[in-house]
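K.L.:
Below is one structure. I have some questions about it.
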Amino acid sequence: MPVWQVIYDELKDQNFEIISVAQDTGGEEAAGPIFDAAKVSYTALIDVNHHISALYNLVNVPSGVWIDEEGRVKRINEGTYAKSYMNGAFGTDEYVPIVRDWVANGDDSEHVWDADKVKSSIVQRTPEAEMAAPTFRLGTYYFSNDNDAKAEQYWTMAQELDPTSWNYLRQDLVYEEGGSAGPAWQQRVQDVENAGGDYYAPLEIKGADSTDN
Amino acid sequence: MRTNRKLFLLGSLFVSGLVNAQSATVLYNERVVEIDQTLPDATELWVTPEDLTRVNDFVLKPEGACLDALCIPVLQDRDSDMFVTRQDQGWFNLTGLADKLQQAYATDFSDGVWSFGAMPLERQSFLRGAQAPDFELEDRDGNTVRLSDFRGKKVLLLTWASW
């Protein structure tokens with residue numbers, strides 16, 4: 011997050027905004043200190059209901075969407091790390107340069123996707139998965155009213171309705187033994203990867219050697 | 144005698160049903176709408192035309208339930224599956240509208256909490272046209288922020304989480 015602030019300081023005078031949205035049922039208490047520590051001056055929002063992920067069909071964090079001056083999506087559904095961490099164990103150094111290129115060149119940037127590519131990159135939902143967002147929202151309503159039993163009931167239901175959502179799984183694991191990056195999460199990542207799936211959609215960057223993120 | 148007793152029991156059930164099922168809580172986007180008075184029904188959510196608008200901005204007009212240019216026809220001079228009149232009060236079937244619009248919803252019947260998902264008709268420009276869906280969230284100071292506030296700028300929308 012401090013890295014995004016550096017990028018923002020560099021690019022903000024070029025008609026560019028970052029809207030950073032925490033997907034956090036814990037609200038200000040959970041996400042606020044992280045925004046504060048990074049001294050962010052871009053638009054910082056805390057989204058207790060995971061509304062933005064529901065609206066843009068995003069299933070993991072961090073995720074990024076490019077939106078142009080006319081409100082058109084130009085890239086979507088990518089694990090948008092600002093840099094690589096732990097000697098490349100996760101994150102990527104390849105994403106920020108393409109953001110820079112887009113801000114400078116707009117639609118002339120080779121990293122801008124056409125509408126068909128954007129549409130095919132939006133995560134598709136089954137009718138059951140469409141039920142997941144209002145169900146998760148119901149759980150969050152109960153959570154904010156201190157009814158943890160019903161929160162758990164509906165959050166679990168949301169995960170069953172949309173098993174592709176890492177956010178619904180990991181947000182719920184925060185409140186369970188082991189936490190959001192504990193054995194339950196590791197097991198799920200393993201299962202998905204063993205089945206040929208990805209934790210993040212593979213980063214597609216023209217001209218880059220590696221597609222790892 | 145037996146018949147009278149049955150009628151009495153039915154009457155009690157109806158009255159207790161009225162008492163228990165009158166209020167409802169409706170969740171839609173960031174809204175939490177408390178509704179004092181609903182028409183008791185085991186499976187559907189019937190609200191007054193005023194509460195319909197409080198929930199989702201649809202307005203009941205003579206031509207139907209309307210949101211901007213869209214109008215879903217609703218008969219109002221007689222009872223239908225979308226609208227009924229009881230003791231001069233009109234009741235609109237909110238879940239019936241959701242079904243017509245193929246809008247997903249989840250319900251906790253015991254507490255009367257109804258949570259509505261996005262309306263597919265508002266999703267078409269995103270799913271078929273790659274237009275970014277507008278949103279409205281409060282920032283940390285309580286100011287309303289909309290994506291459309293940034294029209295004319297490139298926006299990098301990032302999600303993250305503390306967990």
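Protein chains in written order, with our numbering: chain A, 11 to 223; chain B, 144 to 306. Positions of the beta carbon are idealized from the N, C-alpha and C atoms, including for glycine. Remember, it's a predicted structure, so these values are computed and weren't measured experimentally.
1) Give a yes or no on whether the minimum CB-CB distance between L301/B and chain A is below 8 Å.
2) Going residue by residue through the stretch 63-131 of chain A, where are the continuous beta strand (DSSP E) segments of at least 3 residues, counting only ones entirely within it?
3) How do the stretch 26-38 of chain A and the stretch 47-65 of chain A stand: do at least 3 beta-carbon pairs fall below 8 Å, yes or no?
4) Name the chain A residues whose beta carbon is nearer than 9 Å to that of G295/B?
5) Is there a Cβ of chain B sitting closer than 8 Å to that of Y210/A, yes or no?
6) Where do the ends of the beta strand (DSSP E) carrying R135/A lie?
7) Would you tell me roughly how many angstroms separate the C-alpha atoms of L183/A and W176/A, rounded to the nearest one?
8) Closer than 6 Å by C-beta to A161/A: which residues in its own chain qualify, once you throw out the five before and the five after it? Chain order, please.
9) Under 8 Å by Cβ, that's how I've got S253/B and R147/A pegged, so tell me the actual separation to the nearest angstrom.
10) Could one say the Cβ of E354/B lies closer than 8 Å to chain A's Cβ atoms, at least one of them?
11) Once DSSP output is grouped into helix, strand and coil, what is the label at T150/A?
12) When you compare only the Cα positions, how much space is there between D184/B and L244/B?
13) Measure how close the beta-carbons of G89/A and P72/A come, nearest whole angstrom, since I'm counting them as under 8 Å.
14) From I132/A to T228/B, what does the alpha carbon distance come to, in whole angstroms?
15) My output table needs one value for N155/A: the three-state DSSP class, helix, strand or coil.
16) With a cut-off of 8 Å on the beta carbons, I'd call E173/B and H61/A a contact; round off their distance for me.
17) When you compare only the Cα positions, how much space is there between E186/A and S305/B?
18) Taking the CB atoms as reference points, tell me whether I77/A and A212/B lie closer together than 8 Å.
19) Assuming L124/B and G74/A make a contact with CB atoms under 8 Å, what is their CB distance in whole Å?
20) For the stretch 263-274 of chain B, which residues have a beta carbon sitting closer than 9 Å to at least one beta carbon of chain A?
21) Check each candidate in W189/B, V256/B, A208/B and L237/B and name the one with the smallest Cα separation from L170/B.
22) What did DSSP end up calling L218/B once you bin it into helix, strand or coil?
23) Can you name the residues of chain B whose CB is closer than 9 Å to the CB of S73/A?
24) Starting from the beta carbon of V109/A, find every residue of chain B whose beta carbon is closer than 8 Å, and list them in chain order.
25) What is the DSSP secondary structure of Q15/A, counted as helix, strand or coil?
26) Any Cβ of chain A within less than 8 Å of the Cβ of S258/B?
27) Could you tell me the boundaries of the alpha helix (DSSP H) in which F293/B lies?
28) Compare the beta carbon distance of E104/A and A211/A with 8 Å and say whether it is the shorter of the two.
29) Could you pull out every residue in the same chain whose Cβ sits closer than 7 Å to the Cβ of Y95/A, ignoring the five residues on either side in sequence?
30) Can you confirm whether F278/B, when its beta carbon is compared against all beta carbons of chain A, has any partner nearer than 8 Å?
31) Do F201/B and L65/A count as a contact pair if the criterion is CB distance below 8 Å?
32) Excluding the 5 residues preceding and the 5 following S166/B in the sequence, name in chain order all residues of the same chain whose CB lies nearer than 8 Å to its CB.
33) Using a 10 Å radius around the Cβ and a threshold of 16 neighbouring Cβ atoms, would you call K204/B buried or exposed?
34) Would you verify that the beta carbon of R283/B is, or is not, closer than 8 Å to some beta carbon of chain A?
35) So, helix, strand or coil for I44/A, using DSSP?
36) Measuring CA to CA, which of Q197/A, D201/A, Y209/A and W14/A is closest to K93/A?
P.N.:
To lay it out plainly:
1) yes
2) 73-77 and 83-88
3) yes
4) N25, E79 and E80
5) For Y210/A, no CB of chain B lies under 8 Å from its own CB, so it is not counted at the interface with that chain.
6) Here R135/A belongs to no beta strand (DSSP E), and DSSP marks it neither H nor E.
7) 10 Å
8) G149, Y152 and F153
9) About 17 Å; that fails the 8 Å criterion.
10) Chain B is shown only over 144 to 306; residue 354/B falls outside these bounds and no answer can be derived.
11) T150/A: helix per DSSP, three-state reduction.
12) 21 Å
13) 6 Å
14) 44 Å
15) Coil, per DSSP.
16) 7 Å
17) Each residue's alpha carbon lies about 15 Å from the other.
18) no
19) With chain B represented from 144 up to 306, any question about residue 124/B goes unanswered, as that position is not in the structure.
20) P263, R266, F269, L270, R271, G272, A273 and Q274
21) When only C-alpha atoms are compared, the closest one is V256/B.
22) Three-state DSSP puts L218/B in coil, outside helix and strand.
23) L300, L301, T302 and W303
24) L299
25) Q15/A falls in the helix class under three-state DSSP.
26) yes
27) Counting along the chain, F293/B falls outside any alpha helix (DSSP H), and DSSP gives it neither H nor E.
28) no
29) G101
30) yes
31) no
32) E177, I178, D179, Q180, T181 and G255
33) exposed
34) Cβ-Cβ to chain A under 8 Å: yes for R283/B.
35) Three-state result, I44/A: helix.
36) W14/A
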